[in-house]
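Q: What follows is a structure written as structure tokens; I'll ask about it next.
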Amino acid sequence: MADKRLSHTYDSEEFRRYGHELIDILADYLREATSRSDMPVLDYREPDDLVKEFEFDNPENRELPLDGFIRKVVAGMNHLHHPRFVGHQNTPPLTAGIIAQMCTTLLNNGVAVYEMGPASMAAERNVIRYISGLIGFGREADGIFTHGGSAGNLTGLLAARQAMSEYNVWEEGVRSDTPAGIIVSDQSHYSISRNARVIGLGGTSVIRIANDSRYAMRTDLLEETRRRAEDKGIKVICVAANACSTATGTYDNLEEIAAFCRENRLWFHVDGAHGLGVLFSDKYRHLVKGLEHADSVVLDFHKMLLTPGLNTMVLFRDGRRSYETFAQKAGYLFEKHDSNEWYNGAKRTLECTRSALGIVAWAVINYYGKEALGKYVESRYDLALRFAGAICREKGMELAVTPESNIVCFRYAPEGTPTHKLNDLNRMIRKELVHSGEFYIVQTELDGNIWMRTALMNAMTDDSDLQRLLGSVRKRGDELTQLLT
Ligand SMILES: Cc1ncc(COP(=O)(O)O)c(C=O)c1O
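For the sequence shown, this note's numbering begins at 73 and goes up steadily by one.
Following this line, the structure appears as structure tokens:
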């Protein structure tokens, strides 16, 4: 190789040296981030300022991206390992998963076809069987890994469209004279309604159903909703349920939805991207009773199973659905075969090259096991309940809904403050908390009200951190109220 930098790249001793240095820097970072030091959770910088820091170096000064570069990256990121990170549903991953992913990053196999990454497909196969068993699916179940829950939901809905169409929708495209509909919870993740549009069903196919006071789908409205859609000429093909929802972490009643789908011959899709960690827990498994009746199920390992992202599994109760969804000829990839080749992944996803996701999920399950992962899920769900109790005991603080998972929504709400002012106040409190670096917390809107939202992902976050959060919210809320009056 002519260029010195390129030729050095494959020098194993140089790689070893840089690898050791990298691990040392990251281990130091890990120690600080987990120590409840004064390190900000997020050192917030305005977007345009940060862009300037990442302008390309002068070619003469280019170094291999180590020390300075890694420190710059780490400093410019949100720190999920910090116990006061209580924001989005991103996880500080477990070491076994990180090591597996580092390994697969160097090997860099794209597992479109078996021959490119046999070990990954074999590991993927066993994880699919294992999770199928936890759900209670039979031997005919099958599935595939995708990069993320949004792609997983897309795969599930495509299978639904294919299975429920009375014509060859794959070849002919969606016909405008037979509009299809998907009944979705008012609280479903936006990827469901976005994907309905992506697969050509259009916005009118998304039939929203009201939620109850828990923010769960009103199953008593299912029949009426279906009939009203059909009166408008829309043929309902699928119901998409949450296990659990993104905003409040609420589980839909899967048993009732399954029974409705069975009676009406509809596809039953369960978006369990966040909440299917309960499959590992004896204590909370009951929240997904009825899951075994689902036609398609999405589970994100990179959310409640502490796996580096992106790492998602889509499972089908009847595995044949997974094969017919993308029944497309791609002769250069596959030799002609009548049998379903589980080991050629590209036959069953929209992605061609995929990372070796199966190995990473396998490493996490194999090393930590059901009990440890279940204990983690239980500890976060239990913590959410205790946090909810603390919120209810605080005067002037309001809980949106009793948590069913590790997601808790609450707001600063001193008595007598009008709604529009509460919304402004809570937005401002959140922004101050985030910009100060003390906490990372997000917000959500429910029925026109702004709530602060915590997803308790970090295994090190404890009651004292959450008590401190309530104290900080109160202090900032009181100060802002003074300022605004
Ligand atoms: C319920 C639910 N479904 C799907 C998704 C999308 O998953 P991903 O971010 O992996 O694409 C999310 C993300 O937060 C989610 O909460």
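Each residue gets a CB set at the ideal place from its N, CA and C atoms; glycine is no exception. Source: prediction; values computed, not measured.
Taking only heavy atoms of ligand 1 into account, decide whether any of them is closer than 8 Å to the Cβ of Gln-554.
A: No - ligand 1 has no heavy atom lying nearer than 8 Å to the Cβ of Gln-554.
Q: Quick one: what does DSSP say Asp-354 is sitting in, helix, strand or coil?
A: In this structure, Asp-354 counts as coil in the three-state DSSP scheme.
Q: For Leu-348, I'd like the list of residues in its chain whose CB is within less than 6 Å of its CB, leaving aside the five on either flank, ordered along the chain.
A: Closer than 6 Å at Cβ, skipping near neighbours: Leu-371.
Q: Let's test the definition: count the other Cβ atoms within 10 Å of the Cβ of Leu-122 and tell me whether it reaches 16, buried, or not, exposed.
A: Its Cβ having fewer than 16 others within 10 Å, Leu-122 is exposed.
Q: Ends of the beta strand (DSSP E) at Lys-304?
A: Per DSSP, Lys-304 belongs to no beta strand (DSSP E) and is neither H nor E.
Q: Whose C-beta lies closer than 7 Å to the C-beta of Ala-213 among residues of the same chain, with five residues either side of it excluded?
A: Cβ neighbours of Ala-213 beyond the five flanking positions: Ser-204, Leu-387, Phe-388, Arg-389, Gly-391.
Q: What whole-angstrom Cβ distance do Thr-557 and Lys-375 have, given they're in contact under 8 Å?
A: Contact flag wrong, Cβ pair sits at about 41 Å.
Q: With Tyr-116 and His-507 assumed to form a contact (beta carbons below 8 Å), what rounded beta-carbon distance in angstroms separates them?
A: Between His-507 and Tyr-116 the Cβ distance is about 5 Å, and since that is below 8 Å, they are a contact.
Q: Hey, out of Ile-97, Asn-325, Ser-248, whose CA is closest to Ile-306's CA?
A: Of the listed residues, the one whose Cα sits closest to Ile-306 is Ser-248.
Q: Using the three-state DSSP reduction, which class does Leu-344 fall into: helix, strand or coil?
A: Reading off the sequence shown, one finds Gly at residue 344, where the question assumed Leu. The answer is strand: DSSP assigns Gly-344 an E or B state.
Q: Please check the pair Thr-491 and Asn-521, which I expect to be a contact at CB under 8 Å, by giving their CB distance rounded to whole angstroms.
A: Indeed they touch by this definition, with Cβ atoms about 7 Å apart.
Q: Should Ala-330 be labelled buried (16 or more other beta-carbon atoms within 10 Å of its own) or exposed?
A: By the 10 Å Cβ count, Ala-330 comes out buried.
Q: Identify every residue that forms a DSSP beta bridge with Cys-316.
A: According to DSSP, which records beta bridges pairwise, Cys-316 is partnered with nothing at all.
Q: What is the residue span of the beta strand (DSSP E) that Glu-85 lies within?
A: Glu-85 -> not in any beta strand (DSSP E); alpha helix (DSSP H) instead, spanning 84-105.
Q: Taking only runs that begin and end inside the segment 152-216, name each unbroken alpha helix (DSSP H) of 4 or more residues, in chain order.
A: Complete alpha helix (DSSP H) runs here, min 4: 167-179, 190-207.
Q: What are the start and end residues of the beta strand (DSSP E) that includes Met-524?
A: Element bounds for Met-524: 521-527.
Q: Which of the three DSSP states, helix, strand or coil, is assigned to Tyr-287?
A: Note: Tyr-287 maps to coil in three-state DSSP.
Q: Measuring only the C-alpha atoms, how far is His-261 from Glu-517?
A: The alpha-carbon atoms of His-261 and Glu-517 are separated by roughly 13 Å.
Q: In the structure shown, what three-state DSSP assignment does Ser-536 receive?
A: Looking at Ser-536 - three-state DSSP - the assignment turns out to be helix.
Q: I'd like to check one pair, Val-480 with Ile-501: are the Cβ atoms closer than 9 Å?
A: Going by C-beta atoms, Ile-501 is not nearer than 9 Å to Val-480.
Q: Using CA coordinates, which residue listed in Arg-290, Ala-168, Val-342, Glu-295 is at the minimum distance from Thr-227?
A: Thr-227 has its Cα closest to that of Val-342, out of Arg-290, Ala-168, Val-342, Glu-295.
Q: According to DSSP, Ile-594 sits in a beta bridge with which residue or residues?
A: Beyond the ends of the chain as shown, which are 73 and 557, falls residue 594; an answer cannot be given.
Q: Quick check on the burial criterion: 16 or more other C-beta atoms within 10 angstroms. Buried or exposed for Phe-459?
A: By the 10 Å Cβ count, Phe-459 comes out buried.
Q: Please check the pair Ala-105 and His-154, which I expect to be a contact at CB under 8 Å, by giving their CB distance rounded to whole angstroms.
A: Ala-105 to His-154, Cβ: 5 Å. Contact.
Q: Rounded to whole angstroms, what's the CA-CA distance from Arg-452 to Leu-377? Just pull it up for me.
A: Spanning the two alpha carbons is a distance of roughly 12 Å.
Q: In terms of residues, what are the limits of the alpha helix (DSSP H) holding Thr-81?
A: 76-81 is the extent of the alpha helix (DSSP H) around Thr-81.
Q: Ligand 1 heavy atoms versus the CB of Val-587: any closer than 8 Å?
A: Examination of residue 587 is not possible in this model, given that the chain is present from 73 through 557 alone.
Q: According to the neighbour-count rule (16 or more other Cβ atoms, all chains shown, within 10 Å of its Cβ), is Gly-417 buried or exposed?
A: Gly-417 should be labelled buried.
Q: Does the Cβ of Gln-161 lie closer than 8 Å to at least one heavy atom of ligand 1?
A: Yes.
Q: Give me the Cβ distance between Glu-504 and Arg-540, rounded to the nearest whole Å; I'm assuming they're in contact under 8 Å.
A: Actually they do not touch by this definition, with Cβ atoms about 15 Å apart.
Q: Helix, strand or coil, according to DSSP, for Thr-384 in the structure here?
A: The answer is strand: DSSP assigns Thr-384 an E or B state.
Q: Please report the distance separating the alpha-carbon of Glu-407 from that of Ala-433.
A: Because the pLDDT of Glu-407 is 48, which lies under 50, any placement of that residue in the model is unreliable, and the question is left without a value.
Q: For Asp-537, count the other beta carbons within 10 Å of its own beta carbon; 16 or more makes it buried, fewer makes it exposed. Which is it?
A: So Asp-537 ends up on the buried side.
Q: Given a cut-off of 9 Å, decide if Gly-362 and Glu-335 are closer than it, judged by their beta-carbon atoms.
A: For Glu-335 and Gly-362, no; Cβs fall outside 9 Å.
Q: Could you compute how far the alpha carbon of Glu-423 sits from the alpha carbon of Leu-542?
A: Distance between the alpha carbons of Glu-423 and Leu-542: 44 Å.
Q: Sort His-219, Phe-126, Tyr-440, Ile-200 by Cα distance to Gly-210 and report the nearest one.
A: Nearest of His-219, Phe-126, Tyr-440, Ile-200 to Gly-210, Cα basis: Ile-200.
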